[in-house]
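Residue numbers (our numbering): 289 to 666. This report refers to the structure that appears directly beneath it.
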Ligand code: SAH
Ligand code: SF4
């Protein structure tokens, strides 16, 4: 008979599972064996773990499960971008997006249902915060995507294994889905460790990126505990503007953020930080802003990724025109900063940056409130 409250083994990194197995009187190698079944083979059925002792399988069936989140919708964009909507209980859902490119496949993973940080141009932020995802729900997105994409590949006779990096379908992970990863630090780090561990996904640190809006103390902790590639959502060239667009700036202003980036680079797997910069028409996209940025990041080895704003209902912002983005990029490039402009992928299925809305309950009813306020004003 199984217990009513089983332990989800996807919640453990390797050390965690070894410790939990020790509590059962089981050896570390058994934990690693089960780890490989779960994460290499995508196996959720203890009975199928054929080289695990039968007695242990029976014990695990009683007290444990391997339970990834449940996909409730699967959309494929015309450009091949694939988006899954995952049910995380209590009428909440989060999204995971797979972006195929010629020489890599990137999975964009969510870390929270909603987000408390309330950036002015972000639809996740507009929903307010609902809850942190568990480690199982975070790594479960990779588990699920691997399984679902693997099954699709096996069916497609014209796709040969080995076509992508080491035959992996998912070669890169970016924590750029819904939520602020560093505000759910412990669960995110457990999931990151699994992404990096050879007994699980074995990705190199350079291919796993955390994107943060700039929670300075947590950036220092990440550097010390699990330094992966870092992207920072900058979006403004001075404190007055950033206070408005990215409110966490009021707590950790630009000077502190730049210093934290420099400290991070002492241990980072790459020798630059990626600054993300959403292009908002008439708000942060002038030549003056570009020049101010060049001065701001003078002492931080960095690359810039300009993101054309992805609109959503009632956002109150417009995307900068293509010509403006080109001109802005050229000022950064002329100053010697490597600058790319993000291609908008998957926007026909609302999978582009900042469009990930899931179906998180709007606890604050903020969207409705804002709409009412706007109606009153007009
Ligand atoms: N919370 C983290 C990671 C998730 S957001 C962070 O803020 O970095 C991933 C990226 O998409 C961030 O750079 C975010 O600022 C950007 N983004 C949010 N809303 C957007 C929108 N509507 N259009 C374009 N980019 C957006
Ligand atoms: Fe949260 Fe990132 Fe959206 Fe800001 S941009 S509200 S930190 S998810």
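We put the beta carbon where it would ideally sit given N, CA and C, even for glycine.
In terms of CA proximity to residue 625, 591 leads the group 596, 591, 611. Closest in alpha carbon position to residue 549, among 295, 528, 585, 580, is 585. In this structure, 408 is the residue among 355, 333, 408 with its C-alpha nearest to the C-alpha of residue 601. The closest CA to that of residue 377, considering only 390, 317, 359, 386, is found on 359. The beta carbon of residue 339 lies closer than 8 Å to those of 321 in the same chain, with the five residues before and after it left out. Around residue 384, the same chain offers 371, 372, 374, 395, 396, 397, 398, 429, 432, 433, 465 as residues with beta carbons nearer than 8 Å, after the five sequence neighbours per side are excluded.
Taking residue 516 as the centre and dropping the five residues before and after it, the same chain places the C-beta of 480, 493, 496, 497, 498, 557 closer than 7 Å to its C-beta, in chain order.
Excluding sequence positions up to five before and after residue 521, its CB lies within less than 6 Å of the CB of 501, 564, all in the same chain and listed in chain order. At a Cβ-Cβ threshold of 7 Å, residue 629 and residue 621 do not count as neighbours.
When DSSP states are grouped into helix, strand and coil, residue 329 belongs to the coil group.
The Cβ atoms of residue 293 and residue 353 lie no closer than 7 Å to each other. Apart from the 5 residues on each side of it in sequence, residue 337 sits with its Cβ closer than 7 Å to the Cβ of 322, 325, 331, 345 in its chain, given in chain order. For residue 377, the shortest C-beta to heavy atom distance toward the ligand SF4 is 6 Å or greater. Here the distance from the Cβ of residue 522 to the nearest heavy atom of the ligand SF4 is not below 6 Å. Per the DSSP secondary-structure output, residue 419 pairs in a beta bridge with 401. As the crow flies, the alpha-carbon of residue 576 is around 17 Å from that of residue 609.
The beta-bridge partner set that DSSP reports for residue 607 consists of 568.
Not one heavy atom of the ligand SF4 lies closer than 6 Å to the C-beta of residue 618. Residue 390 counts as exposed, since fewer than 16 other C-beta atoms from the protein chains shown sit within 10 angstroms of its C-beta.
Straight-line spacing of the CA atoms in residue 355 and residue 386 works out to 21 Å.
At least one heavy atom of the ligand SAH lies closer than 6 Å to the C-beta of residue 499. According to the DSSP assignment, residue 385 belongs to no alpha helix (DSSP H) but to the beta strand (DSSP E) extending over 381 to 388. Counting the other Cβ atoms within 10 Å of the Cβ of residue 505 gives fewer than 16, which makes it exposed.
If one requires a minimum length of 3 residues, the beta strand (DSSP E) runs lying completely within the stretch 539 to 598 are 561 to 567, 590 to 596, in chain order.
In this structure, 425 is the residue among 425, 393, 392 with its C-alpha nearest to the C-alpha of residue 401.
Shortest gap from the CB of residue 536 to any heavy atom of the ligand SAH: 6 Å or more.
Nearest neighbour of residue 416 by Cα position, chosen from 467, 458, 423, 392, turns out to be 467. When the five nearest sequence neighbours on each side are left out, the beta carbons in the same chain lying within less than 8 Å of the beta carbon of residue 318 are those of 309, 340, 341, 344, in order along the chain. In this chain, the beta strand (DSSP E) harbouring residue 373 covers 370 to 375.
Residue 419 and residue 623 have their C-alpha atoms spaced approximately 42 Å apart. By DSSP's assignment, residue 478 forms no beta bridge with any residue. The continuous beta strand (DSSP E) containing residue 359 extends over residues 358 to 364. Residue 478 sits buried, since 16 or more C-beta atoms from the chains shown fall within 10 Å of its C-beta. Residue 352 has 295 as its beta-bridge partners, per DSSP. Relative to the ligand SF4, residue 403 has its C-beta within less than 6 Å of a heavy atom. Here the C-alpha atom of residue 553 lies approximately 7 Å from the C-alpha atom of residue 560.
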